[in-house]
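Peer 1:
Number of protein chains: 2
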Amino acid sequence: MSQPSELALVPFVSVANMMRLVMSLGPEQVLADLARYIEDDFRRWPEFDKTPRVASHSRDGVIELMPTADAENYGFKYVNGHPKNTHSGYQTVTAFGVLSSVATGYPILLTEMTILTALRTAATSGLVGRYLAPEGAEVMAMIGNGAQCEFQALAFRVLCGINRLRLHDIDPAATAKAARNLRAQGFEVVECASAQTAVEGAQIITTCTADKQNATVLSDNMVGAGVHINAIGGDCPGKTELQCDILSRASVFVEYPPQTRIEGEIQQMPEDFPVTELWQVMLGAVPGRTDPRQITLFDSVGFAIEDFSALRYVHDAIKDGDCYELLDILADPDDPRDLFGMLTRSA
Amino acid sequence: MSQPSELALVPFVSVANMMRLVMSLGPEQVLADLARYIEDDFRRWPEFDKTPRVASHSRDGVIELMPTADAENYGFKYVNGHPKNTHSGYQTVTAFGVLSSVATGYPILLTEMTILTALRTAATSGLVGRYLAPEGAEVMAMIGNGAQCEFQALAFRVLCGINRLRLHDIDPAATAKAARNLRAQGFEVVECASAQTAVEGAQIITTCTADKQNATVLSDNMVGAGVHINAIGGDCPGKTELQCDILSRASVFVEYPPQTRIEGEIQQMPEDFPVTELWQVMLGAVPGRTDPRQITLFDSVGFAIEDFSALRYVHDAIKDGDCYELLDILADPDDPRDLFGMLTRSA
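If you're matching them up, the sequences are chains A and B in order.
Those letters in the first sequence? Residues 1 to 347, per the numbering used here, in order.
Those letters in the second sequence? Residues 348 to 694, per the numbering used here, in order.
#1: Would you kindly work out how many angstroms separate the C-alpha atoms of Asn577 (chain B) and Ala55 (chain A), rounded to a whole number?
#2: Please name the residue, chosen from A:Pro292, A:Asp291, A:Glu241, that lies closest to Cys208 (chain A) on a Cα-to-Cα basis.
#3: Chain B partners of Pro172 (chain A), CB-CB under 8 angstroms?
#4: Shorter than 9 angstroms from the beta carbon of Gly688 (chain B) to some beta carbon of chain A?
#5: Alpha carbon to alpha carbon, what distance is there between Ala32 (chain A) and Ile295 (chain A)?
#6: What did DSSP end up calling Lys319 (chain A) once you bin it into helix, strand or coil?
#7: Would you decide whether Gly373 (chain B) is buried or exposed? Buried here means 16 or more other CB atoms lie within 10 Å of its CB.
#8: Strictly below 7 angstroms CB to CB, what residues from chain A border Arg467 (chain B)?
#9: Got a sec, what are the start and stop residues for the beta strand (DSSP E) Glu535 (chain B) sits in?
#10: Go to Ser595 (chain B), then tell me how far its alpha helix (DSSP H) extends in each direction, as first and last residue.
#11: So which residues on chain A does Tyr437 (chain B) lean against when the C-beta distance must stay under 7 angstroms?
#12: Do the stretch 640-660 of chain B and the stretch 482-490 of chain B make contact, defined as three or more Cβ pairs closer than 8 angstroms?
#13: Is there a Cβ of chain A sitting closer than 9 angstroms to that of Glu588 (chain B), yes or no?
#14: Can you pull the chain A residues whose beta carbon is under 8 angstroms from the beta carbon of Asp396 (chain B), in chain order?
#15: My assumption, with CB atoms under 8 angstroms, is that Val377 (chain B) sits in contact with Asp328 (chain A). Please give the rounded CB distance.
#16: Kindly list the residues whose CB is nearer than 8 angstroms to the CB of Leu326 (chain A), restricted to its own chain and excluding five residues on each side of it in sequence; keep chain order.
#17: Glu487 (chain B) bridges to which residues according to DSSP?
#18: Quick one: which residues of the stretch 61-75 of chain A get their C-beta closer than 9 angstroms to a C-beta of chain B? List them in chain order.
#19: If you follow the alpha helix (DSSP H) that Ile462 (chain B) is in, where does it begin and where does it stop?
#20: For Leu339 (chain A), does the three-state DSSP call read helix, strand or coil?
#21: Alpha carbon to alpha carbon, how far is Tyr37 (chain A) from Gly233 (chain A)?
#22: Does the stretch 430-448 of chain B come within contact of the stretch 629-640 of chain B, defined as at least 3 CB pairs closer than 8 angstroms?
#23: How far does the alpha helix (DSSP H) with Lys524 (chain B) in it extend, from its first residue to its last?
#24: Among the candidates B:Gln438, B:Met413, B:Ile462, whose CA atom is the shortest distance from the CA of Leu446 (chain B)?
#25: Anything in the stretch 139-152 of chain A with a Cβ closer than 7 angstroms to a Cβ of chain B? List those residues in chain order, please.
#26: Note down, one range per segment and in chain order, each alpha helix (DSSP H) of at least 4 residues found wholly within the stretch 212-293 of chain A.
#27: Please report the straight-line C-alpha distance between Gly404 (chain B) and Asn420 (chain B), rounded to a whole angstrom.
#28: In chain order, what residues of the same chain have a beta carbon less than 7 angstroms from the beta carbon of Gln185 (chain A), not counting five sequence neighbours either side?
#29: Could one say the Cβ of Ala531 (chain B) lies closer than 9 angstroms to chain A's Cβ atoms, at least one of them?
#30: Would Gln203 (chain A) pass as a contact of Ala137 (chain A) if the rule is Cβ separation under 9 angstroms?
#31: Bridge partners for Asp396 (chain B) per DSSP, in chain order?
#32: Considering Cα atoms alone, identify which of B:Gly422, B:Arg596, B:Met616, B:Ile593 is closest to Pro604 (chain B).
#33: Classify Leu674 (chain B) as helix, strand or coil using the three-state DSSP reduction.
#34: Roughly how many whole angstroms lie between the Cα atoms of Asp685 (chain B) and Phe151 (chain A)?
#35: Should Met348 (chain B) be flagged as near chain A, meaning a C-beta pair shorter than 9 angstroms?
#36: What does a CB cutoff of less than 6 angstroms around Leu7 (chain A) pick up in its chain, not counting 5 residues either side in sequence?
As structure tokens, this is what we get:
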């Protein structure tokens with residue numbers, strides 16, 4: 001059988017190769033680079049073709065496609081969310097994505113995105129923290145110590161200089177896991193028996209729990225003046241983490257209002273609840289934090305442009321190495337009109 | 348590095364493996380089997396979660412995602428359409444697709460779909476021909492002899508018993524290519540200098556040209572009583588092949604009216620132009636052809652459920668062979684909460 005032409009081959013980054021790539025560059029370097037790509041893309045926000053994610057809901061979960069495009073590239077992420085999966089040994093969330101050339105429509109990258117999504121979520125949080133956290137912040141409380149926790153910590157260290165962490169999870173085993181991983185990364189870690197204890201003396205509070213319900217992991221009395229809240233876990237309808245009184249006191253910053261009003265913490269608030277779009281803050285068009293006593297809140301849900309930035313980053317990052325394979329996924333007959341001839345001659 | 352667990356691996360069918368699969372089973376057998384899967388899925392049409400395709404348009408083309416799901420599986424196809432691609436050695440259309448488990452959200456198949464789309468399009472046409480072509484049909488005219496032509500011919504032979512073909516294309520080289528390929532498959536082929544000549548004595552007329560404009564490859568005077576028209580090429584806004592007078596005389600059958608009214612031949616007609624849904628014909632709920640002198644017309648645009656059927660078919664067909672590889676595309680940490688630990692331990 002003849003070899004497929006070069007045009008027919010698409011670089012593929014497997015989970016193993018993504019881990020090699022990240023570990024060879026260093027996770028903090030990757031987070032810093034990702035933040036730069038995300039910031040670049042947020043600053044040219046109006047250039048993107050933005051669609052709400054396309055969701056297929058079933059009894060046990062959801063499968064979503066998240067496409068977006070600029071004039072040069074098209075990207076989409078496939079991601080599922082199945083909270084009961086862990087009972088049967090499967091992951092709650094898995095993801096992969098594709099970057100394509102808008103000019104030809106040809107895919108130019110296929111990559112795992114389970115690890116990449118964890119990285120881009122953390123990079124976005126750290127980036128937003130750099131715009132909104134109070135000056136001189138040194139301590140971050142982290143409520144919820146699951147899969148996202150360590151990535152968040154690393155991002156806040158490399159992007160905001162945070163090295164002191166106060167961890168709490170309703171499951172002490174999760175806190176022990178995160179504390180072990182984070183101490184190995186050189187963090188100063190305090191394990192806290194309650195969320196109330198965790199937030200003491202923290203200038204940044206990250207909430208990142210997994211419960212799919214309207215929970216209150218952070219109540220109004222726990223939030224003092226000047227704090228930046230990085231609210232990660234409230235990210236789908238019926239899943240919130242914050243008492244709504246906090247939202248009323250805070251300046252709320254979001255990625256894409258039409259999506260955040262459905263999926264974020266602000267689903268608890270009226271439809272005209274005022275929010276600020278982060279791309280406008282990054283562009284310098286509107287202010288971020290204006291007062292040291294102001295409570296700022298990033299109501300993070302994750303938007304397609306962050307995945308697009310992550311795909312762009314990986315496409316660039318693999319160029320000089322061997323952290324990918326080539327997949328023969330595009331048929332490329334010598335004569336475009338002779339697909340059948342290519343098929344019969346292959347035998 | 349430890350091996351990824353079995354749960355993390357997804358079967359992948361490359362272009363080379365798709366060709367091996369099709370040639371080992373025989374293209375006609377594959378077309379017949381695909382038609383059976385498509386018919387099964389059309390007969391349970393109301394069970395599907397149907398969304399219009401999600402399109403991203405640019406100056407030179409379009410990139411589309413076509414998702415659909417039943418209670419057991421979710422599938423989507425990525426497909427581009429870039430008419431100018433052939434000028435620079437690229438294909439106009441390339442495609443790949445994914446089938447997933449609705450219960451877990453995990454992908455269970457990733458496959459090339461450029462060849463598979465050509466097969467499912469032809470299988471759908473042949474299947475529809477079996478319901479609508481006049482009894483005793485022996486001769487098919489084929490106007491447009493590009494990449495889809497041979498697949499259509501094989502599908503009409505295995506599904507409708509057609510072995511005599513009359514070919515025409517405005518490019519004689521395309522006709523020569525198709526005639527050569529089809530004679531090698533045992534067809535009786537007449538090469539015709541005009542479309543008018545091609546349709547003489549044909550009971551079935553397949554139009555399948557590539558021009559992206561409102562063209563008239565078939566005019567009203569060329570269509571006699573009792574003919575079945577298999578109209579493949581009119582499949583996006585601004586791209587039609589038939590003079591609209593033909594539509595007025597014919598009984599028009601479509602896959603999914605909301606999509607066909609935008610993309611099909613009937614984009615030329617008023618919004619309330621009467622059409623019959625093929626799934627209802629296959630279910631026996633409404634009649635197909637009712638009169639030997641009736642002109643029937645399949646206004647084919649291609650619908651996500653046909654891709655879903657094709658994905659289901661490939662998923663079943665590869666089970667007993669070696670026509671696939673396993674891709675490490677899903678991260679699967681031992682402890683779902685310890686994605687970071689999996690990453691750092693990989694080094």
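Note that the Cβ used here is the ideal one computed from N, Cα and C, for glycine as well.
If you're wondering where the values come from, they're calculated on a predicted model, not measured in any experiment.
Peer 2: Straight from the coordinates:
#1: Cα to Cα, the separation comes out at about 34 angstroms.
#2: A:Glu241
#3: In chain order: nothing, as chain B lies at least about 12 angstroms away.
#4: yes
#5: 25 angstroms
#6: coil
#7: exposed
#8: Close to Arg467 (chain B), with beta-carbon spacing below 7 angstroms, lies no residue of chain A; the smallest spacing is near 13 angstroms.
#9: 535-538
#10: 591-596
#11: Chain A residues near Tyr437 (chain B): Leu7, Thr104, Tyr106.
#12: no
#13: With 9 angstroms as the cut-off, Glu588 (chain B) does not count as an interface residue toward chain A.
#14: Ser56
#15: Not confirmed; about 19 angstroms, so no contact.
#16: Leu9, Val10, Pro11, Phe12
#17: Before going on, a small fix: residue 487 (chain B) reads as Met here, not Glu. Its beta-bridge partners are B:Leu512, B:Ile551.
#18: Gly61, Val62, Ile63, Leu65, Pro67, Thr68, Ala69, Ala71, Tyr74
#19: Counted as a single uninterrupted DSSP element, the alpha helix (DSSP H) harbouring Ile462 (chain B) occupies residues 461-479.
#20: helix
#21: 23 angstroms
#22: Taking 8 angstroms as the limit for Cβ pairs, the verdict is that the stretch 629-640 of chain B does not touch the stretch 430-448 of chain B.
#23: 519-531
#24: B:Met413
#25: Look at the stretch 139-152 of chain A: the residues with a C-beta under 7 angstroms from a C-beta of chain B are Gly146, Ala147, Glu150, Phe151.
#26: 244-249, 257-263, 278-282
#27: The displayed chain sequence assigns His, not Gly, to residue 404 (chain B). Looking at the two C-alpha atoms, the distance is approximately 28 angstroms.
#28: In its chain, beyond the 5 residues on either side, Leu154 have a beta carbon closer than 7 angstroms to the beta carbon of Gln185 (chain A).
#29: Taking Cβ atoms only, chain A reaches closer than 9 angstroms to Ala531 (chain B), which makes this a yes.
#30: yes
#31: B:Ala416
#32: B:Met616
#33: Strand at Leu674 (chain B).
#34: In a straight line, the C-alpha of Asp685 (chain B) is about 11 angstroms away from that of Phe151 (chain A).
#35: Because Met348 (chain B) sits at a pLDDT of 41, beneath the cut-off of 50, its placement in the model cannot be relied upon, and the following sentence gives the value as read from the coordinates. True, the Cβ-Cβ gap to chain A drops below 9 angstroms.
#36: Same-chain partners within the cutoff: Asp332.
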